[in-house]
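What follows is a single structure, written as C-alpha cells, with notes after it.
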Amino acid sequence: MRLMGVMMIAATLFLAGCSSAPNTHAPYVSSEPPAASGQPHDDVIFHAFSLLGTPYRYGGMSPDTGFDCSGLINYVFRESAGVSLPRTTSGLSALPTQRADPLQPGDLVLFSMAGRKVNHAGIYVGDGRFLHAPSSGGHVRVDSLQASHWQRWYAGSRRVLD
Numbered sequence: 266m267r268l269m270g271v272m273m274i275a276a277t278l279f280l281a282g283c284s285s286a287p288n289t290h291a292p293y294v295s296s297e298p299p300a301a302s303g304q305p306h307d308d309v310i311f312h313a314f315s316l317l318g319t320p321y322r323y324g325g326m327s328p329d330t331g332f333d334c335s336g337l338i339n340y341v342f343r344e345s346a347g348v349s350l351p352r353t354t355s356g357l358s359a360l361p362t363q364r365a366d367p368l369q370p371g372d373l374v375l376f377s378m379a380g381r382k383v384n385h386a387g388i389y390v391g392d393g394r395f396l397h398a399p400s401s402g403g404h405v406r407v408d409s410l411q412a413s414h415w416q417r418w419y420a421g422s423r424r425v426l427d
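Mapping of the sequence shown onto our numbering: residues 266 to 427, in sequence order.
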C-alpha cells in the first residue's frame, strides 16, 4: 500500500515536470522545476503528498488523528526538513517575509478568507497547485491556485526553505 502511494507521488511529480507552458494567469507561480533530489524542498513535497486523503480535524497535528491546515504544515516541515514553524495561521503569517516570488515548491501560501486576518494556509507543490487541509469534513488535498475561490482569498506567501 505504501509503495503504491510512493509510486503515485513519483508519477504525479514526473507528469507535473512535463508541463510545457509556464502559467501566465498568476505571475507569482514559477515554471521552474522543483529542486534537485535530496533537497529539503523535495522531502517536504514527498512527505506532504504521502498525507493526501488524511481527514481534516480542527487542532489536528498528526496523520493518526487528522490535520488542520497549520497542523499539517507544522508536521510536514518538522518531520521532513527539521524546521520548526508556528502552529497557527496567524503565526505563519507573522513569519519574516522572504521573497517568494515566483513561488517555488515548498513555499507556504496564505489565505484570508474572513477579512484581513490570515486563517488558512497550504504548501505550494509546483505547477500552480498547493496542498492543504481544508475545512471540516474535508481531507488533505491538492487544489489549483488559479481557481477563482483561491485567487479571491490569496494573501501572500512565505519562503521558509532556502
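All residues carry an ideal CB built from backbone N, CA and C; glycine is no exception.
Just so we're clear, the structure is a prediction, and the values are computed from it rather than from any experiment.
Task: Same chain, Cβ closer than 6 Å to G336, five either side skipped, listed in chain order - done: Reading the sequence shown from its first residue, position 71 is the one you call residue 336. Contacts found: G325 and M326.
Open item on the list: Just verifying my parser: in three-state terms, what is the DSSP assignment at D307?
Closed with: For the purposes of this step, residue 307 is identified with residue 42 of the sequence shown, where counting begins at 1. Residue state, collapsed to three classes: helix.
Open item on the list: When you compare the region 350 to 362 with the region 315 to 322, are there three or more beta-carbon pairs, one atom per stretch, that lie closer than 8 Å?
Closed with: no
Task: CB contact flag (S377, A420, <8 Å) - done: In the sequence shown, the residue the question calls residue 377 occupies position 112. In the sequence shown, the residue the question calls residue 420 occupies position 155. Yes; because the gap between Cβ atoms is below 8 Å, this pair is in contact.
Task: Among T330, P305, R343 and G393, the one whose alpha carbon lies nearest that of A412 - done: Residue 412 sits at position 147 when you count from the first residue of the sequence shown. Per the Cα distances, G393.
TODO: Return the Cβ separation of V425 and L368 in integer angstroms, given the expectation that the two are a contact with Cβ distance under 8 Å.
DONE: Taking the sequence shown and counting its residues from 1, one reaches residue 425 at position 160. Taking the sequence shown and counting its residues from 1, one reaches residue 368 at position 103. Wrong, their Cβ atoms sit about 13 Å apart, outside the cutoff.
Task: Burial state of R423 (16 or more Cβ within 10 Å) - done: Along the sequence shown, one-based indexing puts residue 423 at 158. It is buried - the Cβ of R423 has at least 16 other Cβ atoms within 10 Å.
TODO: Determine the closest residue to V374 out of L396, G403 and P328, with distance taken between C-alpha atoms.
DONE: Along the sequence shown, one-based indexing puts residue 374 at 109. Ranking L396, G403 and P328 by Cα distance to V374 puts L396 first.
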